[in-house]
Each structure stands twice: as structure tokens, then as C-alpha cells.
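Below is one structure, written out as C-alpha cells; comments come after it.
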Amino acid sequence: MYKMKDVANEMDIPLSTIRYYERQGIVIGKRQENGYRIFDEEDKILLEYLIVMKHVGFSIEEIKELLNFLEFPESDECSERSNQLLTKKENDIRQKIKHEQMVLKLIQELKPKIVAKEYAQYEEEISEEIHTIYKEIQQSKSGEKK
1 MYKMKDVANE MDIPLSTIRY YERQGIVIGK RQENGYRIFD EEDKILLEYL IVMKHVGFSI
61 EEIKELLNFL EFPESDECSE RSNQLLTKKE NDIRQKIKHE QMVLKLIQEL KPKIVAKEYA
121 QYEEEISEEI HTIYKEIQQS KSGEKK
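146 is the number that full-length UniProt numbering gives the last residue of the sequence shown; the numbers go up by one with no jumps.
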């Protein structure tokens, strides 16, 4: 069993993050008589899960929904809804990777030009590339809203 402070230190996350998840009703721990919360290995695994899911873009509500799916008996509705949510998130992540690859490519092309002090010579080309990336990101955002 671990105190909240010990879990935060071990996992290198702020106490405020654990408290936030606690306020959201996701990470509970067990309250001792002295008012301190203690956490077990299962709580730490849940925190790792939360941190990974947040890192890849899941909202708190989406995380709660997925956790609910794990707690309730399997059903067709539960399976279908979790599949929809995971498929959407999978597509979102693929789109984000695509955009980051475009930016990485731009950086890789830009670096030698800056080192060679040739930025001004390629400024228009670079601006066009940035505009293309911007349009791609905006287009994917408008597709998400549909």
C-alpha cells in the first residue's frame, strides 16, 4: 500500500494530477482512519492507464466511458459502443501522426536551409508548405465535427 505522495513520486506525476482524477471519480484509493488515501498496485495500474489514454488524446469522459465498459458485464451494446469509441480514437491518432509527420518533414527540410543561411531564398516555398499543413489540419478538424 502506498500514500498518494509516494505514488506521485514513484510515477513522477504531480499530486494535483492524482487529485484531479480522484475528483473525477476515476482514481479512488482507500481512505484510512486518519483521512489519508492509500493506493495499491491496481490503483497504480489504473493511473498508468489514465496517463497513457490522456497522452494519446482521450478526454476524461471517454476514459470514464471505457472504464465503465470494463466494469459492466459484456453486452452487444457495450461492445458496439466501445468499438465505436476506440475506432474513432484510432482514426484521430492516425490523423495526428500524419500531421506530425508532415511537420517533421518540414523541419528536416528547413534545418539545412537555416544552417546554410538560405532561409530567405526558400521563404515562399516554406510558407506554402506551412499553409498546406495548416489546411490539412483544418480540414481534418472540420471532418471531426461532422
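Every residue gets a Cβ at the ideal spot worked out from N, C-alpha and C, and that includes glycine.
Beta-carbon proximity check, residue i vs residue j, cutoff 8 Å
i, j, result
"Met1", "Ile38", "yes"
"Val7", "Leu70", "no"
"Ile63", "Ile26", "yes"
"Leu106", "Ile137", "no"
"Leu102", "Ile133", "According to the sequence shown, residue 102 is Met rather than Leu. Yes, these two residues count as a Cβ contact at 8 Å."
"Gly29", "Met4", "yes"
"Lys98", "Phe58", "no"
"Gln108", "Ile60", "no"
"Tyr122", "Lys135", "no"
Which listed residue (the options) has its alpha carbon closest to that of residue i
i, options, result
"Asn68", "Val56, Leu85 and Gly57", "Leu85"
"His55", "Lys96, Gln32, Thr87 and Glu41", "Lys96"
"residue 147", "Glu123, Asn91, Arg31 and Asp76", "Because the chain is modelled from 1 through 146, residue 147 falls outside the range shown and cannot be assessed."
"Asp40", "Gln24, Glu10, Cys78 and Glu61", "Glu10"
"Arg19", "Ala120, Asp43 and Phe72", "Asp43"
Those residues which DSSP pairs with residue i across a bridge
i, result
"Lys117", "Answer by DSSP bridge pairing: none, since Lys117 is not bridged."
"Tyr2", "Phe39"
"Arg19", "DSSP output for Arg19 lists no bridge partner at all."
"Lys30", "Ile38"
Beta-carbon contacts of residue i that lie in its chain and below 8 Å, excluding the five residues immediately before and after
i, result
"Arg81", "Glu65 and Phe69"
"Leu15", "Met4, Lys5 and Ala8"
Beta-carbon contacts of residue i that lie in its chain and below 7 Å, excluding the five residues immediately before and after
i, result
"Ile126", "Leu110"
Own chain, CB closer than 6 Å to residue i, minus 5 neighbours either side, in chain order
i, result
"Ser79", "none"
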